Amino acid sequence: MILNMKKRLLVLGMAIICIFGMTACGKAADESAANALGITEEGAINYADQVLDSVRTIVEQEMQDQYANDAVVSAALTSWASAMEDIGEFKSVTDHEVIVDKDGATINVMVEGTDHDAVVEILLDDQLTLTGITTNVKYSMGELMEKAALNTILGMGTVFVVLILISLIISCFVVIPKIQDAFTGKKKETAEPVSVPAAPAPAAAAAVEEDLTDDYELVAVIAAAIAASEGAASTDGFVVRSIRRANTSKWKANY
């Protein structure tokens, strides 16, 4: 049992040594990166405090327009001025955090305000050139939930309002023609069925009277020819004479 306890203590001691060794390696890596950029933690903190003081002074004196041509400084001033609405009055700087790597450095400045605290993030590239300054306000969990709920309600309300407007516009399509008719004085005519005229009955065939005039003349001519061939006169005193075309009305009257 004593042997087991010794083994456990040995393992625990080795674990503690490894933890401290990793911490020392991390600090050594940060120090080597800082040395590679030519900046120390103390120098980074002093630089961050100077930048923050300059931003505060410019905003308090309302001189933002003088830095409108500098995109980085102008964005930093706008971010600080917007955050001050939630921070309230500036009280003090409570802490600093410096993160240095081969790509540059990040300096976080913790700011205490009367209403909310904030973190001012200052970014430097590998040439230690200022690339960005952002002020992030710290909100409580309740405030974050309230903002999320408010954004959700606003989004849903906007959707419902748009849907209602679309429904109203669609419903107006029925009313608009009536309004146009009222202004133009036109009345909507009721549709009446169009009666199709019946096909006319076939007209009764007109009675065709047979014109027998030509037939009688033909008979007379034939009779005259026969009589002429037999002689000048017949036994009953029938005399052949020249035939003149009589008026057709007289033939019709006789027959």
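Residue numbering for the sequence shown is -24 to -1, 1 to 231, as defined by mature numbering (1 follows the signal peptide of the UniProt record, and there is no 0). Where a beta carbon is used, it is the ideal one built from N, C-alpha and C, also for glycine. This structure is a prediction, so every number in the text was calculated from the model and none was measured.
query	result
Proximity to residue 15 [Cα-Cα], best of 120, 80 and 194	80
Close-in-space but distant-in-sequence residues of the same chain around residue 91 (CB under 7 Å, 5 per side omitted)	62, 63 and 64
Whether residue 58 touches residue 88 by CB criterion (8 Å)	no
Validate contact between the stretch 36 to 56 and the stretch 109 to 117 using beta carbons, cut 8 Å, 3 pairs	yes
Any alpha helix (DSSP H) of 4 or more consecutive residues that is wholly inside the stretch 12 to 72	17 to 36 and 47 to 63
Beta-carbon proximity check, residue 93 vs residue 78, cutoff 8 Å	no
Nearest-angstrom Cα separation, counted from residue 76 out to residue 33	28 Å
Sheet register partners of residue 133 (DSSP bridge)	Answer is none; residue 133 lacks a bridge partner.
Delimiting residues of the beta strand (DSSP E) encompassing residue 101	94 to 101
Beta-carbon gap between residue 248 and residue 71 smaller than 8 Å	Since the first residue of the chain shown is -24 and the last is 231, residue 248 is not available in this structure.
Exposure of residue 60, with buried meaning 16 or more beta-carbon neighbours within 10 Å	buried
Own chain, CB closer than 6 Å to residue 24, minus 5 neighbours either side, in chain order	83, 85 and 98
Proximity of residue 17 and residue 95 at Cβ, strictly below 8 Å	no
Expected contact under 8 Å - CB spacing of residue 43 and residue 49 to nearest Å	5 Å
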